[in-house]
Amino acid sequence: MRPDASPWRPDILARRETSLLAGASTAAVFTVFGGGWLGDLSNPAWASFMFAWLFAVMLWSSFAVVRHADGLAVRLGEPFGTLILTVAVISIEVVMISAVMITGEETPALARDTMFAVLMIVLNGMFGLTLLLGGLRHREQVFNLKGASAYLGVLIPLAAMGLVIPRFTESTADASASPLLAVFLIVMSLVLYGVFLGLQSAQQRHHFQEPSTTGAEAGRSAEDHHHDAEVIGTGYHAILLVMSMLPIVLLSKKMAQVVDHGTAALGAPAALGGFLVAILVLSPEAMAAVRAALANRLQRTFNITLGSAVATIGLTIPAVLVIGLVTGKTVELGLDNVEMVLLVTTILSAMVNFGSGRSTVLQGTIHLLLFIAYVVLLFDVPA
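Pasting the structure below:
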């Protein structure tokens with residue numbers, strides 16, 4: 550591209566953002582014809598074709614999201630580049646849940662199940678895979694212990710008050726929160742997450758940056774990690790990042806129909822459909838986390854995974870509780886007993902494994918096995 554050529558020129562934009570055009574056109578086509586195409590999936594060949602098409606386009610769009618997130622990371626530095634990626638993905642996910650709550654059928658446990666699935670995917674699946682791959686390549690990796698402690702310090706009270714306490718309160722007959730508790734959870738989540746973001750982006754920003762012994766090493770590490778990133782402009786990458794994520798979110802609803810049909814046809818548990826869709830929605834963050842770990846930039850992996858976990862609870866709980874209070878719909882937040890044990894085990898393992906500021910294959914193996922345990926429990930249902 551010539552130095553004076555604008556990246557917003559249609560011809561240049563079309564060449565560079567082919568994945569965006571593919572995602573947008575696929576989303577438009579499925580918006581118009583998706584009802585008929587997905588109305589009858591009884592033919593296995595047709596259902597497989599629909600799945601392959603949607604999966605390929607969503608995965609292609611995910612690569613574009615990671616590319617623009619890398620561009621922002623170069624322009625803004627850490628933790629801003631990762632923070633934008635995390636908040637954008639989780640915010641669009643919250644919008645999806647809110648839209649289903651407002652326009653869909655009564656689904657009291659939708660938000661709870663989605664939050665728990667995201668927590669298990671990012672804290673165990675993504676973390677386990679990235680730490681394992683990073684450990685296999687670099688043996689031992691370092692991260693900023695103060696930043697990891699800050700994430701866990703916010704995550705623990707949010708998870709306990711939002712996902713555990715409602716199961717034990719006696720003000721309601723189910724796992725929902727009373728109006729008084731709901732208001733408190735809304736205020737608590739927004740205040741705690743807001744204070745955390747303020748400290749992360751300003752006063753304690755250095756706690757979320759890659760640790761190094763010298764400034765020269767930090768500069769070389771950052772340069773090595775982003776040597777292949779095409780950097781254009783902050784506004785360009787920010788806008789295109791969100792635009793690249795929108796097809797993933799829009800098509801995930803269509804993918805959910807295909808996956809739900811497949812799970813029903815195969816006799817798989819209903820929760821498996823939401824789990825698979827959550828993996829696709831989180832795929833941009835997963836790819837960015839893996840790339841960072843392989844490049845020996847483990848702090849960015851921590852910022853992505855732990856940041857996603859904190860944002861999921863900190864943003865979802867206020868949104869769904871406000872909708873519940875306004876519409877009068879029941880919102881069940883309390884986890885079941887088995888889920889609570891798995892959540893507590895995950896957080897305790899993270900506290901122990903991240904207590905030294907160094908990571909090896911062992912930590913990755915532990916969290917990956919916890920993720921496999923979560924998947925196994927999805928299928929461990931009464932016969």
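Each residue of the sequence shown is one higher than the one before, starting from 550 at the first, in the numbering used here. Even for Gly, the Cβ is constructed at its ideal location relative to N, Cα and C.
- The criterion of a C-beta distance shorter than 9 Å is satisfied by Val826 and Val808.
- The beta carbon of Ala837 is closer than 7 Å to those of Val615, Ala618, Leu634, Ile853 in its chain, skipping five residues each way along the sequence.
- For the pair of segments examined, the region 874-888 was found to touch the region 710-723: the number of CB pairs separated by less than 8 Å reaches three.
- Taking a C-beta distance under 9 Å as the contact criterion, Gly572 and Leu795 qualify as a contact pair.
- About 18 Å separates the CB atoms of Gln752 and Gln848; that is not less than 8 Å, and the two are not in contact.
- Its chain contains Ala817, Pro818, Leu821 as the residues whose beta carbon lies nearer than 8 Å to that of Phe928, once the 5 sequence neighbours on both sides are disregarded; these appear in chain order.
- A straight line joining the alpha-carbon of Gly873 with that of Leu659 spans about 12 Å.
- With a beta-carbon spacing of about 5 Å, Val643 and Leu864 fall inside the 8 Å limit used to define contacts.
- Annotation for Pro706: the continuous alpha helix (DSSP H) segment containing it runs 694-708.
- As the crow flies, the alpha-carbon of Val859 is around 14 Å from that of Thr895.
- Counting along the chain, the unbroken alpha helix (DSSP H) around His617 starts and ends at 593-625.
- If you look at Ala787, you'll find it in the alpha helix (DSSP H) that goes 783-815.
- In the DSSP assignment, His756 falls outside any alpha helix (DSSP H), carrying neither H nor E.
- Using a C-beta cut-off of 8 Å, the region 660-671 makes no contact with the region 679-688, since fewer than three inter-stretch Cβ pairs fall below that distance.
- CA-CA distance, Ile735 to Met900, rounds to 26 Å.
- When C-alpha distances from Phe745 are compared across Val732, Ser698, Ala724, the shortest belongs to Ser698.
- In the structure shown, Ser898 adopts helical secondary structure according to DSSP, grouped into three states.
- The residues Thr854, His916, in chain order, have a CB closer than 7 Å to that of Phe676 in the same chain once the five nearest residues on each side in sequence are set aside.
- The beta carbons of Leu800 and Val578 sit about 10 Å from each other, so the pair does not count as a contact at 8 Å.
- Per DSSP, Arg846 is not a residue of any alpha helix (DSSP H), being assigned neither H nor E.
- Leu569: member of the alpha helix (DSSP H) spanning 567-586, first to last residue.
- Judged by DSSP in its simplified three-state form, Val930 adopts coil rather than helix or strand.
- Contact annotation: Gly906 and Val691 have beta-carbon atoms nearer than 9 Å.
- The beta carbon of Met599 lies closer than 6 Å to those of Val807 in the same chain, with the five residues before and after it left out.
- Between Thr909 and Glu689, the beta carbon gap of about 5 Å places them in contact (Cβ cut-off 8 Å).
- Close CB contacts of Glu834 within its chain, under the 8 Å cut and outside five residues either way in sequence, are with Leu634, Thr635, Val638, Val671, Met675, Ile853, Thr854, Ser857 (chain order).
- Per the coordinates, the alpha-carbon of Thr914 lies some 42 Å from the alpha-carbon of Gly584.
- The shortest CA-to-CA distance from Trp557 to any of Gly782, Val887, Ala731, Leu926 is the one to Gly782.
- DSSP, read as helix, strand or coil, puts Arg907 in strand.
- Taking 9 Å as the cut-off, the Cβ atoms of Ser610 and Ile797 count as close.
- Residues Leu680, Asn902 of the same chain have their beta carbon placed closer than 7 Å to that of Gln912, with the five preceding and five following residues left out of the count.
- Around the beta-carbon of Val830, 16 or more other beta-carbon atoms lie within 10 Å, marking it buried.
- Bridge pairing for Ser725: Glu881 [DSSP].
- Around the beta-carbon of Gly626, fewer than 16 other beta-carbon atoms lie within 10 Å, marking it exposed.
- If you compare the alpha carbons of Ala576, Leu707, Gly620, Pro760 with that of Met737, the shortest gap goes to Leu707.
- C-alpha of Pro559 to C-alpha of Leu694: approximately 45 Å in a straight line.
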